[in-house]
Structures are given as C-alpha cells and as structure tokens.
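Numbering (the working numbering), first residue to last: 802 to 950. Some notes on the structure that comes next.
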Amino acid sequence: MNGFRIWTAADNGAFLHSKRRTARQSKTRQALLGALGLILSMSGCGKRTPTFSGAPDTVRQIIMKKWEIVPNRLEIPQGARVELVVSSTDVEHGLALPGLGINEPVQPEHPAVIRFLAQTPGTYPMHCSIACGRSHDQMRGEIVITASR
Ligand SMILES: [Cu+2]
C-alpha cells in the first residue's frame, strides 16, 4: 500500500512536470517563429518591390563614384524584370530607391546585383545612402518606369 502511494505521487509529479515542459516548448516555438518573422521583415521581404526568378528582361549597369551616379537617369518599361548591376569605382556607396523599397550597399570591386519588377509607372528618385564625403548629397538620379501602351 505504501509502495502504491509513492508510485502515485511520483507519477503525478512526472505528469505535472511533462505538462509544464510542453507549455515551455510551445512558448519556445512561438518565440522562434516570432524571431523568424522579425528577421524576414528586417531583411525587407515584406516591403520590397516584388522580385522574380529566372532571366531578367533588361540588365542595367550603374556606376557610383565621388560624386555622381552614372547614368543619373534610367528608363525602364513597365512590366520589365529588371536587374541592376551597381558598382563603385572608389569608396563604399549605397544605392537607395525609396519608392521601390530598395537600399543596397555597394562595395568597391564588388558590384551589387539588385532585381525588381518594374510595376508602377512613375519617376523614382535614387540617391547614395552611405555618407561618402563632401558632396555625397549630389549623388542623385532617377529611374523612370514608363507606362506600357
Ligand atoms: Cu555617398
């Protein structure tokens, strides 16, 4: 009888313990999912202009240097799958196109490849997003997405 009582108590304790652990595990799982969502949103997946897979319709070279963006105007037809290959000939710059949700660092000797779908016609200002010196503010330009007929 004594043995039986001890067994019951031990079993009950183990049961409570496992129940507690399950609750803790699901909390951990939720925390992991939350962290994953945070990482995804921080990487810009939510805000970014939709990208695409496969071959682009047009590839455009952009050169950033003190203190200009060359060319400073690009025209892209609406609907195009665009690949920008952005290089720097001197220091680190950053290519920002706020209207398209794009902001990428550009290292010298390591071109940045930026892909996006040209969806909505309009003029999208671009600028350097990494302070690079005296005339950093002059590093401006625009991408124009032209309406398809
Ligand atoms: Cu700059």
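Every residue gets a Cβ at the ideal spot worked out from N, C-alpha and C, and that includes glycine.
Item, Value
"Alpha carbon to alpha carbon, what distance is there between P909 and D891?", "6 Å"
"Closest to H911 by CA distance: which of P926, L898 and H894 is it?", "H894"
"Do E905 and V886 have their beta-carbon atoms positioned less than 9 Å apart in this structure?", "no"
"Residues in its own chain within less than 7 Å of I807 by CB, not counting five upstream and five downstream?", "Here I807 scores only 48 on pLDDT, less than 50, and its place in the model should not be relied on; the value that follows carries that caveat. For I807, where only same-chain residues beyond five positions count, there are no Cβ hits under 7 Å."
"How big is the Cα-Cα spacing for Q879 and R941?", "22 Å"
"Let me know if S936 comes out buried or exposed under the rule of 16 or more other beta-carbons within 10 Å of its beta-carbon.", "exposed"
"Whose C-alpha, out of M927, F853 and A948, is nearest the C-alpha of A897?", "M927"
"Between A919 and A881, how many whole angstroms is the CB-CB distance? I'm expecting something under 8 Å.", "5 Å"
"Which residues share a DSSP beta bridge with K866?", "E869"
"Mind checking which residues open and close the beta strand (DSSP E) that includes R882?", "R882 to S889"
"Helix or strand or just coil, what does DSSP make of G900?", "helix"
"In the DSSP assignment, the beta strand (DSSP E) including H928 goes from what residue to what residue?", "G923 to C929"
"Taking the alpha carbon of A913 as the reference point, which residue from L901, D858, E884 and T921 has its own alpha carbon closest?", "E884"
"With respect to the beta strand (DSSP E) encompassing E876, which residues constitute its N-terminal and C-terminal limits?", "R874 to P878"
"What residues match up with C894 in a beta bridge as DSSP calls it?", "Inspection of the sequence shows that residue 894 is occupied by His rather than by Cys. H894 pairs with V907."
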